[in-house]
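K.L.:
Under the working numbering, the first residue of the sequence shown carries the number 276, and numbering increases by one thereafter. Even for Gly, the Cβ is constructed at its ideal location relative to N, Cα and C. I'd like to ask you about the structure that follows.
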Amino acid sequence: MFNDKSILITGGTGSFGKKYVQTLLSRYTPKRVIVFSRDELKQYEMQQDFNQPCMRYFLGDVRDAARMEQAMRGVDYVIHAAALKQVPAAEYNPMECIKTNINGAENVIKAALANDVEKVIALSTDKAANPINLYGATKLASDKLFVAANNMAGGHPTRFAVVRYGNVVGSRGSVVPFFRKKIAEGAESLPITDERMTRFWITLQEGVDFVLKNFERMYGGEIFVPKIPSVRITDLAEAMAPGVKQDIIGIRPGEKLHEIMCPADDSHLTLEFEDHYVIQPTITFTSSQNDFQVNGLGEKGAPVPQGFEYNSGINEHFLDHDEILDFNRRADA
């Protein structure tokens, strides 16, 4: 699907972007892969690893609408990964989070429509479902913008979808590298926000593969959610540092005990497929596909029971200690 195509990744120097580029180059022969981000040093460092003739590095900020439109000229597919993601930082700097996560999403949509991009997938987060923090609220607004953009398309061929998944094992700023640093420093205890806390768990490669597959599945307007395991934060700490004391320090600003990816309030819109869920749009599209029970790959889904909620605290699969360590090893690969 991506052979001889031009692909642009916003926030392309982040953990997801680098793994996505690596995967694209190993599996396909794209015409161009454009890394769009605002950090020249990260782009320089990324160029040392990915300098194939198809690679392009484009300095810019998703807040800059004109620059965004210029970057998308001749682009076939867009992955929108740029975002301000740190929950406490968003609580203390709300306007900055809004400018990037909401206004930036609007700029990506307008640029894609102006350039007749074929397909756009925006990365979301479990924190966008029933949000209690500003980061989650901005990503919910972003999700709504990308879904509604399918009606804005009019005569344009551009279609938009969203991928929502949980915590990425080993990504920058996440708990696994934080625990590793503490362990390496010889810490006598690990800080735990709350002993009841659970999270959805996915490796970076799994997230990338899921996004790639959904470019083939999508019609436009879907929120794709993978079926993934949960982890208890206390199990994670025990698996990484057996016998080390755990200090309960309290929940941080804007933090939840458990994460939700498919809210019960959306159960009437949710379809279950073999390895993922799809949340259908709340609005009806006037000029595109509205039947999502059979996707672009011919996979068939079925409605979930009324009141169904995909919640990390009541997930069917919780990782045991060996599985946690295996996830950590795969995250390093």
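(1) Does the segment 421 to 431 come close enough to the segment 464 to 472 to have 3 or more Cβ pairs within less than 8 Å?
(2) Grab the span of the beta strand (DSSP E) containing residue 547 for me, first residue to last.
(3) Quick check on the burial criterion: 16 or more other C-beta atoms within 10 angstroms. Buried or exposed for residue 341?
(4) Is residue 372 helix, strand or coil by DSSP?
(5) Out of 427, 516, 322 and 338, which has the shortest C-alpha to C-alpha gap to residue 561?
(6) Quick check on DSSP: helix, strand or coil for residue 337?
(7) Can you tell me whether DSSP reads residue 560 as helix, strand or coil?
(8) Kindly confirm or deny that the segment 572 to 581 and the segment 598 to 608 touch, where touching means at least three C-beta pairs closer than 8 Å.
(9) Taking residue 419 as the reference, which of 353, 557 and 570 has the closest Cα?
(10) Answer yes or no: do residue 283 and residue 337 have a C-beta to C-beta separation smaller than 8 Å?
(11) What's the gap between the Cα of residue 496 and the Cα of residue 319?
(12) Do you know how far the Cα of residue 471 is from the Cα of residue 330?
(13) Is DSSP giving residue 531 helix, strand or coil here?
(14) Give a yes or no on whether the C-beta atoms belonging to residue 394 and residue 277 are separated by under 8 Å.
(15) Grab the span of the alpha helix (DSSP H) containing residue 440 for me, first residue to last.
(16) What separation, rounded to the nearest whole angstrom, lies between the Cα atoms of residue 355 and residue 569?
(17) Once you ignore the five residues that flank residue 273 on each side, which residues in its own chain have a CB closer than 7 Å to its CB?
(18) Measure the C-alpha to C-alpha separation of residue 559 and residue 510 and round it to an integer number of angstroms.
(19) Within the same chain, show all residues whose beta-carbon is closer than 8 Å to that of residue 454, passing over the 5 residues directly before and after it, in chain order.
(20) Spatial neighbours of residue 592 within its chain, please: CB distance less than 6 Å, with the 5 preceding and 5 following residues excluded, ordered by chain position.
(21) At what residue ranges does the segment 448 to 515 contain a whole run of the alpha helix (DSSP H), taking only runs of 4 or more?
P.N.:
Reading it off the structure:
(1) When Cβ pairs closer than 8 Å are counted between the two stretches, the segment 421 to 431 is seen not to touch the segment 464 to 472, the count staying below three.
(2) In the sequence shown, residue 547 corresponds to position 272, counting from 1. Where residue 547 is concerned, the enclosing beta strand (DSSP E) stretches over 545 to 547.
(3) For this step, residue 341 is matched to residue 66 along the sequence shown. By the C-beta density criterion, residue 341 is exposed, having fewer than 16 other C-beta atoms within 10 angstroms.
(4) One-based indexing of the sequence shown puts residue 372 at position 97. In this structure, DSSP gives residue 372 a helical state, which the three-state scheme calls helix.
(5) In the sequence shown, the residue the question calls residue 561 occupies position 286. Closest option to residue 561, Cα to Cα, is 427.
(6) If you number the sequence shown from 1, residue 337 lands on position 62. In this structure, residue 337 counts as coil in the three-state DSSP scheme.
(7) On the sequence shown, position 285 is the one that residue 560 refers to. It is coil, neither helix nor strand.
(8) Contact fails: fewer than three Cβ-Cβ distances are below 8 Å.
(9) By one-based count along the sequence shown, residue 419 stands at place 144. Looking only at 353, 557 and 570, the smallest Cα-Cα distance to residue 419 is reached by 557.
(10) Here the question's residue 283 lines up with position 8 in the sequence shown. Here the question's residue 337 lines up with position 62 in the sequence shown. No.
(11) In the sequence shown, counting from the first residue as 1, residue 496 sits at position 221. In the sequence shown, counting from the first residue as 1, residue 319 sits at position 44. Taking the straight line joining both Cα atoms gives about 35 Å.
(12) On the sequence shown, residue 330 is found 55 positions in, with the first residue counted as 1. On the sequence shown, residue 471 is found 196 positions in, with the first residue counted as 1. Rounded to the nearest angstrom, the two C-alpha atoms are 45 Å apart.
(13) Your numbering for residue 531 matches position 256 in the sequence shown. In the three-state reduction of the DSSP assignment, residue 531 falls in the coil class.
(14) To locate residue 394, count along the sequence shown from 1; it is residue 119. To locate residue 277, count along the sequence shown from 1; it is residue 2. Cβ atoms of residue 394 and residue 277: not closer than 8 Å.
(15) Translated into the one-based positions of the sequence shown, residue 440 becomes position 165. Here residue 440 belongs to no alpha helix (DSSP H), and DSSP marks it neither H nor E.
(16) Here residue 355 refers to the residue found at position 80 of the sequence shown. Here residue 569 refers to the residue found at position 294 of the sequence shown. Those two C-alpha atoms are separated by around 25 Å.
(17) The requested residue 273 is not part of the displayed model; the chain covers only 276 to 608.
(18) The residue you call residue 559 lines up with position 284 of the sequence shown. The residue you call residue 510 lines up with position 235 of the sequence shown. Here the alpha carbon of residue 559 sits roughly 43 Å from the alpha carbon of residue 510.
(19) Indexing the sequence shown from 1 puts residue 454 at position 179. Around residue 454: 465, 511, 512, 515 and 516.
(20) Mapped onto the sequence shown, residue 592 falls at position 317. Cβ-Cβ distances below 6 Å link residue 592 to 504 in the same chain, with the five nearest sequence neighbours on each side left out; the list follows chain order.
(21) The segment 448 to 515 contains these whole alpha helix (DSSP H) runs: 450 to 459, 479 to 492 and 508 to 515.
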